[in-house]
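Asks: Below is a structure I'd like to ask you about.
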Amino acid sequence: MSRVTTLLPAAEDGAIPIRCVDAAGWPAVAAELPPLAAAFARAAGFEAKPGRVALLPGPDGALAGVLFGVDAAGTDPFAVGRLPEALPEGTYRLEGLPGDPALAALAWRLSGYRFGRYRERPAPKARLVVPAGVDAAEIDRIADAVASGRDLVNTPANDLGPAEIEAAARALAARFGAACTVIAGEALEQGFPLIAAVGRASPRAPRLIDLTWGDPGAPRVTLVGKGVVFDTGGLDLKPAAAMLLMKKDMAGAAVALAAAEMAMGAGLNIRLRVLIPTVENAVAGEAFRPGDVLRSRRGLTVEIGNTDAEGRLILADALSLADEEAPDLVIDFATLTGAARVALGPDLPALFTEDDGLAAQLTATGLAVHDPVWRMPLWAPYGSLLDSKVADLNNVSSGPFAGAVTAALFLRRFVSAAAAHVHLDLYGWNPATKPGRPEGGEVQTARLVYALLKARYAA
Ligand code: BES
Ligand code: MN
Ligand code: ZN
Numbered sequence: 001m002s003r004v005t006t007l008l009p010a011a012e013d014g015a016i017p018i019r020c021v022d023a024a025g026w027p028a029v030a031a032e033l034p035p036l037a038a039a040f041a042r043a044a045g046f047e048a049k050p051g052r053v054a055l056l057p058g059p060d061g062a063l064a065g066v067l068f069g070v071d072a073a074g075t076d077p078f079a080v081g082r083l084p085e086a087l088p089e090g091t092y093r094l095e096g097l098p099g100d101p102a103l104a105a106l107a108w109r110l111s112g113y114r115f116g117r118y119r120e121r122p123a124p125k126a127r128l129v130v131p132a133g134v135d136a137a138e139i140d141r142i143a144d145a146v147a148s149g150r151d152l153v154n155t156p157a158n159d160l161g162p163a164e165i166e167a168a169a170r171a172l173a174a175r176f177g178a179a180c181t182v183i184a185g186e187a188l189e190q191g192f193p194l195i196a197a198v199g200r201a202s203p204r205a206p207r208l209i210d211l212t213w214g215d216p217g218a219p220r221v222t223l224v225g226k227g228v229v230f231d232t233g234g235l236d237l238k239p240a241a242a243m244l245l246m247k248k249d250m251a252g253a254a255v256a257l258a259a260a261e262m263a264m265g266a267g268l269n270i271r272l273r274v275l276i277p278t279v280e281n282a283v284a285g286e287a288f289r290p291g292d293v294l295r296s297r298r299g300l301t302v303e304i305g306n307t308d309a310e311g312r313l314i315l316a317d318a319l320s321l322a323d324e325e326a327p328d329l330v331i332d333f334a335t336l337t338g339a340a341r342v343a344l345g346p347d348l349p350a351l352f353t354e355d356d357g358l359a360a361q362l363t364a365t366g367l368a369v370h371d372p373v374w375r376m377p378l379w380a381p382y383g384s385l386l387d388s389k390v391a392d393l394n395n396v397s398s399g400p401f402a403g404a405v406t407a408a409l410f411l412r413r414f415v416s417a418a419a420a421h422v423h424l425d426l427y428g429w430n431p432a433t434k435p436g437r438p439e440g441g442e443v444q445t446a447r448l449v450y451a452l453l454k455a456r457y458a459a
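For the sequence shown, position 106 matches number 106 in the UniProt record's numbering, and the numbering has no gaps at all.
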């Protein structure tokens, strides 16, 4: 993916104006246009409806301007993301834009992302002069971090195993002077038995990545990301249709790394820690089995009801480690359950936390930065659905109900000392292209968490 920005920080002479226009304003705009341009727009069938684009000729036949239909209320802050693809190479500026100009500039860049690892996929070349007052460098940092995360999610498992996620984390650490240690082998077996068990069937060794950055005396924020590089389901094998997209089962790890890249790039006043348990949930003779009982890092014994509920197992041991230093805030990111998608669909990650203030702040921030989440309940009475006859708890509920809630309740059992814990169950994928959101891997909630941390801990 090209990290060449299409944003220009300062006003440039000769930038082609993109005139944003809604239905009510269109007659007045048309009256102001040179008659030839207005006639051409009408002849081309332009209507001032959201998303419509018309190129306007100058007297010499050159491109003199662009009409862009908008919704006056600015309902979709990423609507501008349609433009780069629709416009020829050139330098443009926005006029009369409703809504947040920073989000519009961000959408411009995010829509230009292409996953080009295996085939050339040229990105649109239209450049935008950022609207006045918008920090182009900050938007570039955010967009670059999103692109890095999307690349990780899009890279198939044959080229992205636990070692490659480790390499990505080490590269990020090196860039920002962070420390990065990795626990594998015997130390993983001893200290993180659930991670070791889930990863045992793969020839690509499981590991726990531990990155730390920032002032040790600053508020402690720990991000934990599910890094299952491929989820076959294990011995409880997924059917083909359910397995097809499971290269994205490390999206939680990609989100944690992307959010960390934004936070470190902005120099936030936190002691940041990123924990990534990364494994391949494979099938082999050594695979962990249904009915196995495993003793977790925390000491709780877990009966395996289903090897396909592997994410919560590896997160449990990583969350236990996070919790041991009683941090101020722990946020975990995971493609954890199909049930969360049934409840909220692919575009709306589920948020779980017992902290009402934090839930409200996250929900509002998500709407403000167009990276939404929706709260679901940690309904304690459902905790008994995880009861086991032989162990402290089972990794799944035996019934079909409230699967995202029981998964969240399972994770809760491994966090007690942290001042606050947030669990985000996300899809990590755009099923179809929308403005600013090209089809493919997506680091949902990375920008949201960065915005939350910035609001709480700005440098
Ligand atoms: N990675 C899947 C969850 C998933 C599936 C996320 C599809 C996004 C899209 C997870 O490891 C899983 O398999 N969960 C099971 C849990 C069940 C066995 C209790 C699920 O959701 O079916
Ligand atoms: Mn699974
Ligand atoms: Zn999984």
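Even glycine gets a Cβ: it sits at the ideal position worked out from N, Cα and C.
Note that the structure is predicted; figures quoted are calculated from it, not measured.
(1) Mind listing, in chain order, the residues whose beta carbon lies closer than 5 Å to a non-hydrogen atom of the ligand BES?
(2) Going by the CB atoms, is the gap between A107 and R114 shorter than 9 Å?
(3) So for W379, helix, strand or coil by DSSP?
(4) Assuming G227 and T335 form a contact by the criterion Cβ under 8 Å, report the distance between their Cβ atoms to the nearest whole angstrom.
(5) Looking at the unbroken beta strand (DSSP E) that takes in R3, where does it start and where does it end?
(6) Under 7 Å Cβ to Cβ from Y382, same chain only, skipping five residues before and after it: list those, please.
(7) Identify every run of the alpha helix (DSSP H) within the stretch 31 to 97, keeping only runs that are complete inside it and at least 4 residues long; order them along the chain.
(8) Can you name the residues that DSSP bridges to N281?
(9) Quick check: D425 and A318, are their CB atoms within less than 9 Å of each other?
(10) Should the stretch 81 to 101 be regarded as contacting the stretch 17 to 24, the criterion being three or more beta carbon pairs within less than 8 Å?
(11) So, for R295: in the same chain, excluding its five sequence neighbours on each side, which residues have a beta-carbon less than 7 Å away from its beta-carbon?
(12) Shorter than 8 Å, the distance from the beta carbon of M246 to the closest heavy atom of the ligand ZN, or not?
(13) Excluding the five sequence neighbours on either side, which residues of its own chain have a C-beta within less than 6 Å of the C-beta of A179, listed in chain order?
(14) Taking the CB atoms as reference points, tell me whether V221 and A263 lie closer together than 9 Å.
(15) CB-CB under 7 Å to R207, same chain, minus the five flanking residues each way: which ones, in chain order?
(16) Once you ignore the five residues that flank A432 on each side, which residues in its own chain have a CB closer than 6 Å to its CB?
(17) So does the stretch 126 to 145 actually touch the stretch 51 to 67, counting three or more Cβ pairs closer than 8 Å?
(18) So which of A79, E261 and A105 has the shortest CA-CA distance to A173?
(19) Leaving out five residues before and five after R413 in sequence, what residues of the same chain have Cβ atoms less than 7 Å from its Cβ?
(20) Just confirm the distance between the C-beta atoms of A284 and A201, as a whole number of angstroms; I'd bet it's less than 8 Å.
(21) At the level of alpha carbons, what is the spacing between N269 and R298?
(22) If you draw a straight line from the C-alpha of R312 to the C-alpha of A322, how long is it?
(23) Are the Cβ atoms of L362 and V274 separated by less than 9 Å?
(24) Take F46 and list the residues in its own chain whose beta-carbon comes closer than 7 Å to its own, dropping the five residues that flank it on each side.
(25) In this structure, how does DSSP classify P9 when only helix, strand and coil are distinguished?
(26) Can you tell me which of the three DSSP states L268 falls into?
(27) How about L8 and R121: do their beta carbons lie closer than 9 Å?
(28) Just the Cα atoms here: how many angstroms apart are M1 and A242?
(29) From L453 to T445, what does the alpha carbon distance come to, in whole angstroms?
(30) Could you tell me which residues DSSP puts in a beta bridge with A350?
(31) Out of curiosity, what's the CA-to-CA distance linking residue 501 and Q190?
(32) In this structure, does DSSP put I314 in helix, strand or coil?
(33) So, with DSSP's three-state summary, where would you put N430?
(34) Which two residues bound the contiguous beta strand (DSSP E) that contains A126?
(35) Taking all protein chains shown into account, decide if Y118 is buried (16 or more other Cβ within 10 angstroms of its Cβ) or exposed.
Replies: Quick look at the numbers:
(1) Those residues, listed in chain order, are D231, D249, N306, D308, A309, G311, T335, T337, G338 and V396.
(2) Your numbering for residue 114 matches position 114 in the sequence shown. Your numbering for residue 107 matches position 107 in the sequence shown. Contact: no.
(3) Numbered from 1 along the sequence shown, position 379 holds the residue referred to as residue 379. DSSP places W379 in coil when its eight states are reduced to three.
(4) Translated into positions along the sequence shown, residue 227 becomes position 227. Translated into positions along the sequence shown, residue 335 becomes position 335. The C-beta separation of G227 from T335 comes to about 10 Å, leaving the pair out of contact by the 8 Å criterion.
(5) Sequence index remark: in the sequence shown, residue 3 carries index 3 (1-based). Membership of R3 in any beta strand (DSSP E) is not indicated, and neither H nor E is assigned to it by DSSP.
(6) On the sequence shown, position 382 is the one that residue 382 refers to. Within the same chain, A402, V405, T406 and L409 come within 7 Å of Y382 by CB-CB distance, once the 5 residues on both sides are set aside.
(7) Runs found: 35 to 43 and 83 to 86.
(8) Working through the sequence shown from its first residue, we reach residue 281 at position 281. Bridge partners of N281: D231.
(9) For this step, residue 425 is matched to residue 425 along the sequence shown. For this step, residue 318 is matched to residue 318 along the sequence shown. No, these two residues do not count as a Cβ contact at 9 Å.
(10) Three or more Cβ pairs drawn from the stretch 81 to 101 and the stretch 17 to 24 lie within less than 8 Å of each other, which places the two stretches in contact.
(11) Residue numbering aside, residue 295 sits at position 295 when the sequence shown is read from its first letter. P193 and T301, listed in sequence order.
(12) Taking the sequence shown and counting its residues from 1, the one referred to as residue 246 is at position 246. At least one heavy atom of the ligand ZN falls within 8 Å of the beta-carbon of M246.
(13) Residue 179 sits at position 179 when you count from the first residue of the sequence shown. Excluding positions up to five away in sequence, the list reads T212.
(14) In the sequence shown, counting from the first residue as 1, residue 221 sits at position 221. In the sequence shown, counting from the first residue as 1, residue 263 sits at position 263. Going by C-beta atoms, V221 is nearer than 9 Å to A263.
(15) By 1-based counting over the sequence shown, the position of residue 207 is 207. The residues are P162, E166, V182, I183, A184, L188 and T278.
(16) Sequence index remark: in the sequence shown, residue 432 carries index 432 (1-based). The answer, listed in chain order, is E439.
(17) For the pair of segments examined, the stretch 126 to 145 was found not to touch the stretch 51 to 67: the number of CB pairs separated by less than 8 Å stays below three.
(18) Working through the sequence shown from its first residue, we reach residue 173 at position 173. Residue E261 holds the alpha-carbon nearest to the alpha-carbon of A173 among A79, E261 and A105.
(19) Locating residue 413 in the sequence shown gives position 413, where the first residue counts as 1. Residues of the same chain with a CB within less than 7 Å of the CB of R413, apart from the 5 flanking positions on each side, are L300 and L393 in chain order.
(20) Along the sequence shown, one-based indexing puts residue 284 at 284. Along the sequence shown, one-based indexing puts residue 201 at 201. Sure, about 4 Å apart at Cβ, within 8 Å.
(21) Taking the first residue of the sequence shown as position 1, residue 269 is located at position 269. Taking the first residue of the sequence shown as position 1, residue 298 is located at position 298. In this structure, the alpha-carbon of N269 lies about 30 Å from that of R298.
(22) For this step, residue 312 is matched to residue 312 along the sequence shown. For this step, residue 322 is matched to residue 322 along the sequence shown. Straight-line Cα distance between these residues: approximately 15 Å.
(23) Along the sequence shown, one-based indexing puts residue 362 at 362. Along the sequence shown, one-based indexing puts residue 274 at 274. Taking 9 Å as the cut-off, the beta carbon of L362 is found no closer than this to the beta carbon of V274.
(24) Within the sequence shown, numbered from 1, the residue matching residue 46 stands at position 46. If we look at F46 and ignore the five residues flanking it on each side, its Cβ neighbours are R52, A54 and L67.
(25) Your numbering for residue 9 matches position 9 in the sequence shown. DSSP places P9 in coil when its eight states are reduced to three.
(26) Position 268 of the sequence shown, counting from 1, holds the residue named residue 268. The three-state secondary structure of L268, taken from DSSP, is coil.
(27) To locate residue 8, count along the sequence shown from 1; it is residue 8. To locate residue 121, count along the sequence shown from 1; it is residue 121. Judged by beta-carbon spacing, R121 lies beyond the 9 Å limit of L8, meaning their Cβ atoms are not closer than that value.
(28) Looking up residue 1 in the sequence shown gives position 1. Looking up residue 242 in the sequence shown gives position 242. Reliability of the predicted coordinates at M1 is poor, the pLDDT of 44 falling under 50, and the value obtained from them is presented with this limitation in mind. Straight-line Cα distance between these residues: approximately 28 Å.
(29) Reading the sequence shown from its first residue, position 453 is the one you call residue 453. Reading the sequence shown from its first residue, position 445 is the one you call residue 445. Rounded to whole angstroms, L453 to T445 spans 12 Å at the Cα level.
(30) Within the sequence shown, the letter at position 350 stands for residue 350. A350 pairs with W374 and D425.
(31) Given a span of 1 to 459 for the chain in the structure shown, any question on residue 501 remains unanswerable.
(32) Working through the sequence shown from its first residue, we reach residue 314 at position 314. Of the three classes helix, strand and coil, the one that applies to I314 here is helix, per DSSP.
(33) To locate residue 430, count along the sequence shown from 1; it is residue 430. Three-state DSSP puts N430 in a strand.
(34) Your numbering for residue 126 matches position 126 in the sequence shown. In the DSSP assignment, A126 falls within the beta strand (DSSP E) that extends over A126 to V129.
(35) In the sequence shown, the residue the question calls residue 118 occupies position 118. Residue environment: Y118 is assigned as exposed (fewer than 16 neighbouring CB atoms within 10 Å of its CB, all protein chains considered).
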